[in-house]
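K.L.:
Chains as they are written, first to last, in my numbering: chain A, 9 to 123; chain B, 295 to 405.
Using N, Cα and C, we set each Cβ at its ideal position, and we do this for glycine too.
All values reported here derive from a predicted model rather than from experimental measurement.
Here you go, one structure.
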Amino acid sequence: SQTIHQWPATLVQPVGSPLSLECTVEGTSNPNLYWYRQAAGRGLQLLFYSVGIGQISSEVPQNLSASRPQDRQFILSSKKLLLSDSGFYLCAWSVRGGRAGETQYFGPGTRLLVL
Amino acid sequence: KQEVTQIPAALSVPEGENLVLNCSFTDSAIYNLQWFRQDPGKGLTSLLLIQSSQREQTSGRLNASLDKSSGRSTLYIAASQPGDSATYLCAPPPDTDKLIFGTGTRLQVFP
Chain A
9 SQTIHQWPAT
19 LVQPVGSPLS
29 LECTVEGTSN
39 PNLYWYRQAA
49 GRGLQLLFYS
59 VGIGQISSEV
69 PQNLSASRPQ
79 DRQFILSSKK
89 LLLSDSGFYL
99 CAWSVRGGRA
109 GETQYFGPGT
119 RLLVL
Chain B
295 KQEVTQIPAA
305 LSVPEGENLV
315 LNCSFTDSAI
325 YNLQWFRQDP
335 GKGLTSLLLI
345 QSSQREQTSG
355 RLNASLDKSS
365 GRSTLYIAAS
375 QPGDSATYLC
385 APPPDTDKLI
395 FGTGTRLQVF
405 P
């Protein structure tokens, strides 16, 4: 069966510090991978998605970047965190070339607090 | 740009009640419509997926309907239980790669 891991689970970082969040998927190959952010009192927002190694699409301009160094590894980074980067970050995967009857599967999330 | 609204924003009911959660969206050219559940501080779990050609889907006590032309979906929860307490999110994506979420309905079912 497929599983998706995220770490760390919780992170407290000072403003201006770097960030690296990691997401890995097991039990599947060539997945689509996604990073979402859920800010307090707001809905889930798609940040990045990837259809393959080194292929990253950004949905919103921001202080963050994403990389996919391996097929089942997705990393979210920042060189200098802002207060507004605080939130709950979720990674998800779906079957590449998925059809209308297939959904996305979400990881447990990382709660980031920037102080 | 797809905009998704969920009503009510919050709901608190005694167990046993039948519930109706509403989702409306502005762009009817959707790929499918998905309902998710999110427990506090956790990731999302897929509940139901209605393909754009379908009108409803059922899973246990959950039934979701879809009216694409009017831009609406409804999630029915029958005989609610305390374990149903969570935030329910709908997502009518314009294509298979991108989910666009509503802000959710926060449900609390008390014994």
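If you count every other CB in all the chains shown that lies within 10 Å of the CB of B/Gly377, and 16 or more means buried, which is it?
P.N.:
Within the second sequence, numbered from 1, the residue matching residue 377 of chain B stands at position 83. B/Gly377 should be labelled exposed.
K.L.:
Taking B/Phe395 as the query, report the chain A residues whose CB atoms sit under 7 Å from its CB, ordered along the chain.
P.N.:
Residue 395 of chain B sits at position 101 when you count from the first residue of the second sequence. Gly51, Leu52, listed in chain order.
K.L.:
Should A/Ala100 go down as buried or exposed, given a rule of 16 or more other Cβ atoms within 10 Å for buried?
P.N.:
Here residue 100 of chain A refers to the residue found at position 92 of the first sequence. Flag for A/Ala100 reads buried.
K.L.:
Could one say the Cβ of B/Gln354 lies closer than 8 Å to chain A's Cβ atoms, at least one of them?
P.N.:
Reading the second sequence from its first residue, position 60 is the one you call residue 354 of chain B. Rather than Gln, the amino acid found at residue 354 of chain B in this sequence is Gly. Output row for B/Gly354: interface = no.
K.L.:
Between the beta-carbon of A/Ser73 and the beta-carbon of A/Ser85, is there less than 8 Å?
P.N.:
As a working mapping, residue 73 of chain A is identified with position 65 in the first sequence. As a working mapping, residue 85 of chain A is identified with position 77 in the first sequence. Yes, these two residues count as a Cβ contact at 8 Å.
K.L.:
Looking at the strands, I want to know which residues DSSP matches up with B/Ser275.
P.N.:
Residue numbering for chain B in the displayed model covers 295 to 405; residue 275 of chain B lies beyond these limits and cannot be assessed.
K.L.:
Since B/Gln351 is in the beta strand (DSSP E), which residue starts that stretch and which ends it?
P.N.:
In the second sequence, counting from the first residue as 1, residue 351 of chain B sits at position 57. 350 to 353 is the span of the beta strand (DSSP E), which, as asked, contains B/Gln351.
K.L.:
Flag A/Phe114 as yes if its beta-carbon sits less than 8 Å from any beta-carbon of chain B, otherwise no.
P.N.:
The residue labelled residue 114 of chain A in the question sits at position 106 within the first sequence. Answer yes: the Cβ-Cβ gap between A/Phe114 and chain B drops below 8 Å somewhere.
K.L.:
Tell me, to the nearest whole angstrom, how far the beta carbon of A/Gln10 is from that of A/Thr36; I am working on the premise that it is less than 8 Å.
P.N.:
Position 2 of the first sequence, counted from the first residue, corresponds to residue 10 of chain A. Position 28 of the first sequence, counted from the first residue, corresponds to residue 36 of chain A. Contact flag correct, Cβ pair sits at about 5 Å.
K.L.:
For A/Gly117, I'd like the list of residues in its chain whose CB is within less than 7 Å of its CB, leaving aside the five on either flank, ordered along the chain.
P.N.:
The sequence position of residue 117 of chain A within the first sequence is 109, counting from 1. The answer, listed in chain order, is Gln14, Phe96, Tyr97, Leu98.
K.L.:
Buried or exposed: B/Gly406, going by 16 or more other Cβ atoms within 10 Å of its Cβ?
P.N.:
The structure shown does not extend to residue 406 of chain B, since chain B is modelled only from 295 to 405, so the question has no answer here.
K.L.:
Of all the CB atoms in chain A, is at least one closer than 8 Å to the CB of B/Gln351?
P.N.:
Your numbering for residue 351 of chain B matches position 57 in the second sequence. Judged by the 8 Å Cβ criterion, B/Gln351 is not in contact with chain A.
K.L.:
On a Cα-Cα basis, can you pick out the residue from B/Thr299, B/Ser379, B/Leu313 that is closest to B/Thr320?
P.N.:
Numbered from its first residue, the second sequence carries residue 320 of chain B at position 26. It is B/Thr299 whose Cα lies nearest to the Cα of B/Thr320.
K.L.:
When the cut-off is 8 Å and only beta carbons count, does B/Lys362 lie next to chain A?
P.N.:
Translated into positions along the second sequence, residue 362 of chain B becomes position 68. Judged by the 8 Å Cβ criterion, B/Lys362 is not in contact with chain A.
K.L.:
Applying a beta-carbon distance threshold of less than 7 Å, which residues of chain A neighbour B/Gln328?
P.N.:
Within the second sequence, residue 328 of chain B is the residue found at index 34, counting from 1. Within 7 Å Cβ-Cβ: Thr111.
K.L.:
Starting from B/Lys336, find everything on chain A with Cβ-Cβ shorter than 7 Å and list it in chain order.
P.N.:
Position 42 of the second sequence holds residue 336 of chain B. Here the neighbours are Pro116, Gly117.
K.L.:
Determine contact between the stretch 328 to 336 of chain B and the stretch 296 to 313 of chain B, defined as no fewer than three beta-carbon pairs at a distance below 8 Å.
P.N.:
The answer is no - the stretch 296 to 313 of chain B does not touch the stretch 328 to 336 of chain B, with fewer than three Cβ pairs under 8 Å.
K.L.:
Closest Cβ-Cβ distance between A/Leu19 and chain B: below 8 Å?
P.N.:
Locating residue 19 of chain A in the first sequence gives position 11, counting from the first residue. Judged by the 8 Å Cβ criterion, A/Leu19 is not in contact with chain B.
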